[in-house]
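Residue numbers (this note's numbering), protein chains in the order written: chain V, 1 to 195; chain Y, 1001 to 1786.
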């Protein structure tokens, strides 16, 4: 069996390879490279060299944002500012990313950007609030309420933000059919908004 | 052997036929002979046809349904760089090294240069689960232990993340490893090198090429050694892909047949792509290096598109004999073979003669060792695998090329490892009881705001896989349970505040089995009536049991459950002193909830998972549950800072800066078998366990053992004070620190201290002339309030 197979295979191969070798040889510089490979520009392969100053003296660097102090510090830091907007440019950039993602309907990406921001500023009540809003939009009601409560735990000086969190909690209660709880959360929000 | 026997058989058959002709000539004989021939031919054609059909089916099915066996890759967290981020030059270098960046030049992606405090980094693009981060010409200026300036080219940028370090893989059973390449990602130059050396007629032949076989033969005769092989790329793929590495004529023929079938069914591009990923180029222990994507990483620590011509030529040269030309073992042979490939390039006009000569003058440039990252963090990877197994099939983990982005912080992991190893050695030296190597330990470190696990140390030799004590040493937790007892009490503000006097007096209890239980204090003393917080700070057993029995064991157990214990808990009084067995990881979950002010978040070791193409599959989002009210957990946190200031944890300040506010609890079990410490600052929580694998006494208490490791660890990390936000319903009152019983309120003014109370349950304001401090007169009972 094995033996016959070998004989016939040899015959077929002899035939087909005859076809292959009957073509005229092509010059090697015409080496075919698939079109999809050729579309790449050489620039992509070797990135343009960056310029590095040759000595230490040559480096004069304007200092940008100098950041908050990170040494051990026992004094409580002021947590959320009045308008709730973060000032750290990195956090601002991530918030912008989150906004963009939300606009594009990419709620999961928005949440991921907010989580990145939270690892930079874990006590930023505004970020927790935004995360609560994202979860509410995603329909994760329990998380929305819990994150709003978490935001409130950092928002003691910001009544407007607290009110916004209570409105999220009210919304969650309403959607869960708990109308009394919704109403009382709503009332808390209103009280916080009246000076 | 077999062919010879076949030949003999064939000869015998022929002679038999001849005999038949001799005996029976004539029409009848001739027609019978024709029948025999015809039926033999038909049988042969049918047999071969059947075989071809079978082979064809097999080849196409395998090729189309091929799932490259790509191991799952596990990454650390990416380092976030932004102005203000805490980072030293040494730490940045370690991160760059771990992410596979090479110092000295920024000409190529993946290189960096340091000039003083500024790092210039040719940042590779990286596909994160939430999209592509583009390549950048990054400059990072560090000063005063933090990032001062961050720019991409000349443009200041607010934030960038480094590509994460590859810290582990989950291999298929046969150890095949590869980095999957798409044809469109492969530099055209590389393809030219490959085809020039291996198969010049690739785009013309139909699977096999007699011409190249002959040419190879000629070349080999001329060179008097095997310098060229006649197999086409397609034949080589057939060999790698379908066949076992035996060397027989049958196999050679099968290989050719498969090559023909492949060419018949598939495009050249598909075949080339398969070859680029399949070709075998090296071995490292059980790990088989397949494909040029991984080869570039394995030998140069680079991506294929980053390679220079000479480096490409070396990779292609390896195809001919991965072990014979192994550039790490046989650099001379490898260089010869590489230079030969470069000569071929020049000969064929693919590159200029000068270019080839210039490239030939270069050293091989191969890394001394393949990039590390394997099994460096076995304990952490163990945790990752367990989390993965809940959601993924083992087969997918081993072969589907999943990319797993974890929360591992390599910097902190290293610190945790060295803190444990160093202190454990010290403790052994200082102990008559402990022989060398007897003491073991484990550390779990988390970011308390997000419950991300940053580091896991499973033993004093952190590189050794094996018994992972952080996850599997399930031990009595001793006094680490006490915060739950006090929290259960503080949740009843009408009955208990931080200064409520409790009795540190003898206890005798009978358990369900009628056994008498009479615990003692650690110092064998009775401390009389003590304020509640002091019972916790000094870890008085008798005060705690008395309090726990008042509150009720079921209530304490239920509090523990809300803090995050999942295991069923015994409802015995001995539970109040920690007769509960938990692993360091489970303990971490309890303290995580306390550190996060009552918001319980399941510990996470994985953030995201993507498939081989980088498309997101699973995300493990941050989720929180408010399981403890803010007021009581705030009071508990205050008492836990008192542990560190004046209680069993105060020894930590031999190492920690006096200004740093930390909170924590020591734990010790019977006969000093287990030594525990769980403690946290604002953002970091660490749990340390020390003990012996044979469960014999260590001679260490929580204070003399685990606390040492913890403070050693924390003193090496920049961290911030634990100053939780004050809940709306918490107020501070001045109280007498010494005589803090109910009767003593308002009677001492000197050194009065501020203590938090749940609003409405604070002591009534007293007055005190000295220092202007307002001192409470007496507590308000709830009934006094209107």
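Beta carbons are placed, not taken as given, at the ideal position from N, Cα and C, and that holds for glycine.
Everything numeric in this text was worked out from a predicted model, so none of it was measured.
Counted within 10 angstroms of its Cβ, other Cβ atoms place residue 1452(Y) as buried (16 or more) or exposed: Locating residue 1452(Y) in the second chain gives position 452, where the first residue counts as 1. Residue 1452(Y) is buried by the Cβ-count criterion.
First through last residue of the beta strand (DSSP E) which encompasses residue 1091(Y): As a working note, residue 1091(Y) is residue 91 in the second chain. No beta strand (DSSP E) contains residue 1091(Y), which is instead part of the alpha helix (DSSP H) from 1089 to 1098.
Three-state secondary structure (DSSP) of residue 1433(Y): To locate residue 1433(Y), count along the second chain from 1; it is residue 433. Of the three classes helix, strand and coil, the one that applies to residue 1433(Y) here is coil, per DSSP.
Option nearest residue 1576(Y) by Cα separation, candidates 1321(Y), 1483(Y) and 1538(Y): In the second chain, the residue the question calls residue 1576(Y) occupies position 576. Among 1321(Y), 1483(Y) and 1538(Y), the Cα nearest to that of residue 1576(Y) is on 1483(Y).
Residue of 1502(Y), 1734(Y), 1564(Y) and 1625(Y) minimising C-alpha distance to residue 1588(Y): Residue mapping note: residue 1588(Y) aligns to position 588 of the second chain, counting from 1. For the residues 1502(Y), 1734(Y), 1564(Y) and 1625(Y), the minimum Cα distance to residue 1588(Y) belongs to 1564(Y).
Within-9 Å CB hit, residue 1017(Y) to chain V: Taking the first residue of the second chain as position 1, residue 1017(Y) is located at position 17. Reliability of the predicted coordinates at residue 1017(Y) is poor, the pLDDT of 45 falling under 50, and the value obtained from them is presented with this limitation in mind. With 9 Å as the cut-off, residue 1017(Y) does not count as an interface residue toward chain V.
For residue 1149(Y), the three-state DSSP class (helix, strand or coil): Numbered from 1 along the second chain, position 149 holds the residue referred to as residue 1149(Y). Judged by DSSP in its simplified three-state form, residue 1149(Y) adopts strand.
Rounded straight-line distance, which links the Cα of residue 1405(Y) to that of residue 1108(Y): Taking the second chain and counting its residues from 1, the one referred to as residue 1108(Y) is at position 108. Taking the second chain and counting its residues from 1, the one referred to as residue 1405(Y) is at position 405. Roughly 26 Å separates the two Cα atoms.
Short-range partners of chain V found in the segment 1605 to 1629 of chain Y, where Cβ spacing is below 7 Å: Listed in sequence order: 1619, 1621, 1622, 1623, 1624, 1625 and 1626.
Residue 1507(Y), enclosing beta strand (DSSP E) - first and last residue: For the purposes of this step, residue 1507(Y) is taken as residue 507 along the second chain, with counting starting at 1. Per DSSP, residue 1507(Y) belongs to no beta strand (DSSP E) and is neither H nor E.
Reduced DSSP secondary structure (H/G/I, E/B, other) of residue 1703(Y): Residue 1703(Y) sits at position 703 when you count from the first residue of the second chain. In the structure shown, residue 1703(Y) sits in coil (DSSP, three-state: anything other than H, G, I, E or B).
Contact between the segment 1616 to 1629 of chain Y and the segment 1408 to 1415 of chain Y (3+ Cβ pairs under 8 Å): no
Rounded distance between the beta-carbons of residue 116(V) and residue 94(V), thought under 8 Å: Residue 94(V) sits at position 94 when you count from the first residue of the first chain. Residue 116(V) sits at position 116 when you count from the first residue of the first chain. Sure, about 5 Å apart at Cβ, within 8 Å.
9 Å Cβ cutoff, residue 1599(Y) in contact with chain V: Here residue 1599(Y) is taken as the residue at index 599 of the second chain, counted from 1. So, interface residue.
Beta-carbon contacts of residue 1182(Y) that lie in its chain and below 8 Å, excluding the five residues immediately before and after: For the purposes of this step, residue 1182(Y) is taken as residue 182 along the second chain, with counting starting at 1. Excluding sequence neighbours, residue 1182(Y) sits near 1273.
CB contact check: residue 1130(Y) to chain A, cutoff 9 Å: No chain A appears in this structure, whose protein chains are V and Y.
Counted within 10 angstroms of its Cβ, other Cβ atoms place residue 121(V) as buried (16 or more) or exposed: Within the first chain, residue 121(V) is the residue found at index 121, counting from 1. With a 10 Å radius around the Cβ and a threshold of 16 neighbouring Cβ atoms, residue 121(V) comes out buried.
Close Cβ partners of residue 1529(Y) (< 8 Å) along its chain, the five nearest in sequence each way excluded: Residue numbering aside, residue 1529(Y) sits at position 529 when the second chain is read from its first letter. Excluding residues within five positions, the ones whose Cβ falls inside 8 Å are 1501, 1502, 1503, 1504 and 1741.
Below-9 Å beta-carbon distance, residue 115(V) vs any chain Y residue: Mapped onto the first chain, residue 115(V) falls at position 115. So yes, residue 115(V) belongs to the interface.
Buried versus exposed call for residue 1083(Y) [16 or more other C-beta atoms within 10 Å across all chains shown]: Within the second chain, residue 1083(Y) is the residue found at index 83, counting from 1. Buried: at least 16 other Cβ atoms inside 10 Å.
Chain-order list of residues whose beta-carbon lies under 7 Å from that of residue 1102(Y) (same chain, five-residue window excluded): On the second chain, residue 1102(Y) is found 102 positions in, with the first residue counted as 1. The answer, listed in chain order, is 1110, 1111 and 1301.
Minimum length 4: unbroken alpha helix (DSSP H) runs contained in the segment 1537 to 1597 of chain Y: 1541 to 1551, 1553 to 1563 and 1584 to 1595
Candidates 1330(Y), 1586(Y) and 1384(Y), of which the one nearest residue 1368(Y) by Cα: As a position in the second chain, residue 1368(Y) is number 368, starting the count at 1. Selected option, being the one with the closest Cα: 1330(Y).
is_contact[residue 1053(Y), chain V] using C-beta, thresh 9 Å: Taking the second chain and counting its residues from 1, the one referred to as residue 1053(Y) is at position 53. Not one chain V Cβ lies under 9 Å of residue 1053(Y).
Own chain residues within Cβ distance below 7 Å of residue 1146(Y), not counting five before or after: Translated into positions along the second chain, residue 1146(Y) becomes position 146. Closer than 7 Å at the Cβ level, and outside the excluded window around residue 1146(Y), lie 1084, 1085, 1086 and 1087.
Proximity test, Cβ basis, 9 Å: residue 165(V) and chain Y: Here residue 165(V) corresponds to residue number 165 of the first chain, with the count starting at 1. For residue 165(V), the answer is no, since every Cβ of chain Y falls outside 9 Å of its Cβ.
Test item: CB-CB of residue 1098(Y) and residue 1410(Y) under 9 Å: Within the second chain, numbered from 1, the residue matching residue 1098(Y) stands at position 98. Within the second chain, numbered from 1, the residue matching residue 1410(Y) stands at position 410. Yes, Cβ-Cβ distance for residue 1098(Y) and residue 1410(Y) is below 9 Å.
Where the alpha helix (DSSP H) containing residue 1300(Y) begins and where it ends: Here residue 1300(Y) corresponds to residue number 300 of the second chain, with the count starting at 1. Note, residue 1300(Y): alpha helix (DSSP H), 1292 to 1300.
Cβ contact (3+ pairs, closer than 8 Å) linking the segment 1160 to 1180 of chain Y and the segment 106 to 114 of chain V: The segment 1160 to 1180 of chain Y vs the segment 106 to 114 of chain V: no contact.
Nearest residue (CA-CA) to residue 1137(Y), options 1161(Y), 1106(Y) and 1117(Y): On the second chain, residue 1137(Y) is found 137 positions in, with the first residue counted as 1. Of the listed residues, the one whose Cα sits closest to residue 1137(Y) is 1106(Y).
Short CB-CB distance (under 9 Å) between residue 181(V) and chain Y: For this step, residue 181(V) is matched to residue 181 along the first chain. Chain Y contact via Cβ: absent.
Rounded distance between the beta-carbons of residue 1382(Y) and residue 1459(Y), thought under 8 Å: Counting from 1 along the second chain, the entry for residue 1459(Y) is found at position 459. Counting from 1 along the second chain, the entry for residue 1382(Y) is found at position 382. Actually they are not in contact, since the Cβ atoms of residue 1459(Y) and residue 1382(Y) sit about 11 Å apart, beyond 8 Å.
The segment 1058 to 1087 of chain Y: positions lying closer than 8 Å to chain V by Cβ: For the segment 1058 to 1087 of chain Y, the set of positions with a beta-carbon nearer than 8 Å to some beta-carbon of chain V reads 1080, 1082, 1083, 1084, 1085 and 1086 in chain order.
Boundaries of the alpha helix (DSSP H) in which residue 1665(Y) is found, first to last residue: Sequence index remark: in the second chain, residue 1665(Y) carries index 665 (1-based). Looking at the DSSP string, residue 1665(Y) is not in any alpha helix (DSSP H); the run it does join, the beta strand (DSSP E), is 1663 to 1668.
Sequence ranges, alpha helix (DSSP H) only - wholly within the segment 1173 to 1257 of chain Y, length at least 4: 1188 to 1198, 1210 to 1223 and 1233 to 1242
C-beta atoms of residue 1296(Y) and residue 1345(Y) nearer than 9 Å: The residue given as residue 1296(Y) occupies position 296 in the second chain. The residue given as residue 1345(Y) occupies position 345 in the second chain. In this structure, residue 1296(Y) lies away from residue 1345(Y), with their beta-carbon atoms at least 9 Å apart.
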